[in-house]
Each structure stands twice: as structure tokens, then as C-alpha cells.
Amino acid sequence: MTDVSEALGSDIMTQTTLIADGERERTDVVGRTLPDFPVPAPLPSHGPARIVAMCNQKGGVGKTTTTINLGASLAEYGRKVLLVDFDPQGAASVGVGVNPHELDLSVYNLVMERGVQLGDVVQPTAIEGLDVVPANIDLSAAEVQLVGEVARESVLARALRPALDDYDVVLVDCQPSLGLLTVNALTAAHGVLIPLECEFFALRGVALLIETIEKVRDRLNPALEIDGILPTMYDSRTLHSREVVARVHEAFGDTLLHTIIGRTVKFPDASVAAEPITAYAPAHPGAEAYRQLARELVARGDTA
Ligand SMILES: Nc1ncnc2c1ncn2[C@@H]1O[C@H](COP(=O)(O)OP(=O)(O)O)[C@@H](O)[C@H]1O
Ligand SMILES: [Mg+2]
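Numbering (the numbering used here), first residue to last: 7 to 310.
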């Protein structure tokens, strides 16, 4: 017996409906039943890590914000997390409190210099369980210098190999292009997460991105998976946001994650404070959304 007539209320991203006496069903924005994503069980030991690349050639879609806040959320759940800043802008580094102008060694040295090991460039952050390999503008030279290198697409994969034993998750924050740095991230990764701004033209680039992912899978990294598409900057006051998510669902089915990140000024505020939102405003819905993302990815088997 189901009576889906009475909507009991909703927050931004879910709707709760009375389906039988006292029984409630929660659905996501596109109407799919929203499973409970349980708090992940503690891990008895750490590693081997799964490497996840945060990828979208469009800038300003939430790659860096997702890298930082998913990382911080997984760390809250006891995971050992390594953030790899692979964008010469260095926004992920800044976002976790690293000053990119004061680096002796960065990810650039790690990928370009044989003598530099992962341990030489990893830095702890203020968040327990969350470390970072920082980047700065030096990395922009790597794109050019790598062109002449042997196995130029797999320098990052090689450099990250030692991290596999010590961490549960490695999150690589990609630059907004499909150039050689991003191809390196895709070659190193087990999975790709695609943050997608809930904006009308956002879908345009996704076909090209998926084509690139498939090329890398065919030629360089047969095990590469698309872990999910994450709608970001969702504005519940507009029909428009909802339509974009519905289009993504039509085109990509359950590659669309249940979790959606709402638009809120707390994210830029947290970046100015150089903290994850989970530390800056722990009770804010934006922090809770990234915790849910962490739980959803664990439940999907996309991370430990
Ligand atoms: N959900 C959100 N709501 C509002 N602003 C956001 C949200 N996510 C990110 N931002 C802001 O948008 C800008 C771009 O986000 P960022 O994560 O740096 O994107 P990318 O790494 O894809 O270029 C930043 O100023 C960030 O603080
Ligand atoms: Mg970025």
C-alpha cells in the first residue's frame, strides 16, 4: 500500500514522502529512492589506497572545493587521505593552509626530478589524517617539459606509487584542461569523479571529457573507472538547477551520484579561511553534503 500524496517536507536535496503508516521514503532530486549511507566502519589498517582524480576541463566547477572537502570528510571518518594538488594555480594547497610561495619542494619536483621522493614533498595539514602534496606555479613548466620525456603520461603514477601503502585514498585535484597534466592524473587514477556545475552549458564539455577518459582507458590505464558525476552549486530556488540534474540523469543514468552540493557562500568563505568547510562551519549543510558524498562513495565501493 503506497500513498505518495503527502510530502512531509524537504531540505534542499531530498524529499521525504509518507508511503505507508508511519513509513517514509526519501528521494533525491531526480526522484530516485535515497538509500541510507551508513557511517563507514573504522578501518583496522591503512592502504592500499585508491587514487581518484577530480576532473573537469571547465574551471570554477568545484573540483578544488570537492577535493578539499571530500578529503576532509573521509579523514573525519578515519581514512588516511592524501590530497595531490596537480594544478599550477595551487588552490588546493592554499585551501588547506599551505603557502605556495614558500615551498622548497612541490609536486613539480616530485614528478620532474628523479632524486625527489614522495616523502620529501608531503606535508601534514591541520586536519588529522589529511596530508597534501602541494603545487605552485612551477608546475606549469612541467606541461612543456614533459612533452619530450619517456613515458610522459605516467610520471605521476610512478611518483605516487609509494603512497598506495600508507593511505586509503589519494585525491588528485586536476587543472581545468585536458592537457598532459590531466592525462597524467587519469593514468595514475583508479577512478574519476566529475564535479559538474548546475548550469545550462555545463553538459557541453562532458562528452569531450568522457571521450578523453575513454582514450586514456584504452591506451594507458585499462582499469580506469568513472566513479560518478557530482552536481555542484545547486540552487534550489531555480527550476533551472533541477533541470540540469535531470538532463545529467537522462544522459548518464546512475553515474549521477545521489549527493548534490548546494550553492552557498560558505564555500568561498572557507577558502579564504584556508580551511575545509567541515572545519570552518562543521554544522553547515555544505559540510554535511560533503560528509554524505564521502559516505556515498564508501557505500558504492569507490573508496575504502
Ligand atoms: N557549492 C558551492 N557554492 C558556492 N560557491 C562554490 C561552491 N563550490 C565552489 N565554490 C566557489 O567557486 C569557486 C570555484 O570553485 P573551485 O572548487 O575552485 O572550482 P575549480 O577547482 O573547478 O576551478 C571558488 O571560489 C569556490 O569557493
Ligand atoms: Mg581548481
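C-beta atoms are modelled at their ideal positions from N, C-alpha and C, and glycine is treated no differently. None of the values given here were measured: they were computed from a predicted structure.
Cβ pair count under 8 Å reaching 3, the segment 100 to 109 against the segment 180 to 190: no
Limits of the unbroken alpha helix (DSSP H) element including M118: 113 to 118
C-beta atoms of Y317 and G268 nearer than 7 Å: As shown, the chain starts at 7 and ends at 310. That puts residue 317 outside it, with no answer to give.
Through-space distance from A310 to E231, alpha-carbon basis: 15 Å
Bridge partner(s) assigned by DSSP for F92: Per DSSP, C180.
K5 Cβ short of 6 Å to ligand 2 heavy atom set: The requested residue 5 is not part of the displayed model; the chain covers only 7 to 310.
Status (buried if at least 16 other CB within 10 Å, exposed otherwise) for M7: Summary for M7: the model assigns pLDDT 35, below 50, so the residue's position carries little reliability; its value from the coordinates is reported in the next sentence. Its Cβ having fewer than 16 others within 10 Å, M7 is exposed.
Straight-line Cα distance separating G28 from L192: Cα atoms of L192 and G28: separation of roughly 47 Å, rounded to the nearest angstrom.
Collapsed DSSP secondary structure at L14 in the structure displayed: For L14, the predicted model reports a pLDDT of 42, less than 50, meaning its position is unreliable and no value from the coordinates is stated.
Local conformation of I57 per DSSP, three classes: strand
According to DSSP, residues forming a beta bridge with A232: One detail in the question is off: residue 232 reads as Ile in this sequence, not Ala. I232 is bridged to V198.
Rounded separation between V5 and N62 - CA only: This structure cannot settle anything about residue 5, because the visible part of the chain is limited to 7 through 310.
Proximity test, Cβ basis, 7 Å: V58 and chain B: Any reference to chain B falls outside this structure, which holds one protein chain only.
Touch test, the segment 161 to 178 against the segment 124 to 141, Cβ-Cβ under 8 Å, three pairs minimum: Touching, yes, given that three or more Cβ pairs across the two stretches are closer than 8 Å.
Local conformation of D137 per DSSP, three classes: strand
DSSP-derived helix/strand/coil call for G211: helix
Nearest to E71 (by Cα), restricted to the options V153, L262, S51, D275: In the sequence on display, residue 71 carries Thr and not Glu. Just measuring C-alpha positions, the residue of V153, L262, S51, D275 sitting nearest T71 is D275.
Closest Cα partner of Q151 within the set P140, G185, A55: G185
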